[in-house]
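J.: Residue numbers (numbering that gives the first Met the number 0): 0 to 177.
Even for Gly, the Cβ is constructed at its ideal location relative to N, Cα and C.
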Amino acid sequence: MRVRSAAGFALVDLLFVCGIIGILSSIALPRLMTARGAATSASAIGSLRVIGSGQVAFAITCGAGFYAPTLSKLAKPPAGASEGFLKGDLGAGDVTVKSGYQFELIATPYGGAPDTCNALGTGQTGLAFKVRGDPLDVTNNARYFATNANNVIWEDVASLFGGIPEAGDAPSGHPIKY
Numbered sequence: 000m001r002v003r004s005a006a007g008f009a010l011v012d013l014l015f016v017c018g019i020i021g022i023l024s025s026i027a028l029p030r031l032m033t034a035r036g037a038a039t040s041a042s043a044i045g046s047l048r049v050i051g052s053g054q055v056a057f058a059i060t061c062g063a064g065f066y067a068p069t070l071s072k073l074a075k076p077p078a079g080a081s082e083g084f085l086k087g088d089l090g091a092g093d094v095t096v097k098s099g100y101q102f103e104l105i106a107t108p109y110g111g112a113p114d115t116c117n118a119l120g121t122g123q124t125g126l127a128f129k130v131r132g133d134p135l136d137v138t139n140n141a142r143y144f145a146t147n148a149n150n151v152i153w154e155d156v157a158s159l160f161g162g163i164p165e166a167g168d169a170p171s172g173h174p175i176k177y
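(1) Tell me which same chain residues have a C-beta within less than 7 Å of the C-beta of Gly90, skipping the five on either side of it?
(2) Does the count of Cβ pairs from the segment 26-43 and the segment 136-153 closer than 8 Å reach three?
(3) Would DSSP call Ile152 helix, strand or coil?
(4) DSSP on Thr95, reduced to helix/strand/coil?
(5) How long is the line joining the alpha carbons of Arg131 and Trp153, rounded to whole angstroms?
(6) Is it buried or exposed for Ser158, if we count other Cβ within 10 angstroms and need 16 for buried?
(7) State the Cα-Cα distance for the pair Gln101 and Val55, rounded to the nearest angstrom.
(8) Rank Thr124, Leu135, Pro170, Val137 by C-alpha distance to the C-alpha of Thr146 and give the top, closest one.
(9) Please confirm whether Ile175 has its beta-carbon closer than 9 Å to some beta-carbon of chain C.
(10) Beta-carbon within less than 8 Å of Ser46's beta-carbon, same chain only, minus the 5 sequence neighbours each way: which residues are those?
(11) Taking the Cβ atom as the reference point for each residue, do Leu23 and Ala67 lie within a distance shorter than 9 Å?
(12) Looking only at its chain, what residues have a beta carbon closer than 7 Å to the beta carbon of Gln123, apart from the 5 residues adjacent to it on each side?
(13) Looking at the structure shown, is Lys176 part of a helix, part of a strand, or coil, going by DSSP?
(14) Could you tell me which uninterrupted alpha helix (DSSP H) segments, each at least 4 residues in length, are contained entirely in the segment 37-122, listed from first to last along the chain?
(15) Going by DSSP, name the residue or residues bridged to Ala145.
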């Protein structure tokens, strides 16, 4: 009669451990995706604050009280400076993707606006502006954000960009308290 050695794992033991890992993963994965969505939303709110602050700085120092019409023009440095009013990847294009959100800034050009210190041209800047922050992954994060010249960040479960005016309250959603 042969005696089996008790060293090592049996196939049943290995399947049992894999089953436990699978159960724990199925419990943890939804919470991980929720935490990831919260982190990207916090980053989007921060980016909207930066864009709003950049617009205020532009209007006060460079735009003669008018706002830049796009993100790339807000990032354009004034003569003699190396950096514009928006730094980094937010000003890389007119529509920018950052941290799982898509950002876009629009200011309706005002014909009587003077030229700016960064040479955007006369009649190119606007009296007010609006910015959207729409999520790219709406399955795991359905928080849409927008802001305008009032510098209040609005949140909703659908895009606010089409309805939010360049100045004033959004017709839907609610303001974020910060």
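T.: From the atom records:
(1) Leu70, Ser71, Leu73, Ala74, Gly83
(2) yes
(3) coil
(4) strand
(5) 10 Å
(6) buried
(7) 21 Å
(8) Pro170
(9) Note that chain C does not occur in the displayed structure, where there is just one protein chain.
(10) Leu89, Lys97, Ser98, Tyr100, Phe102, Gly132
(11) no
(12) Pro68, Pro108, Ala112
(13) coil
(14) 70-73
(15) Arg131, Trp153
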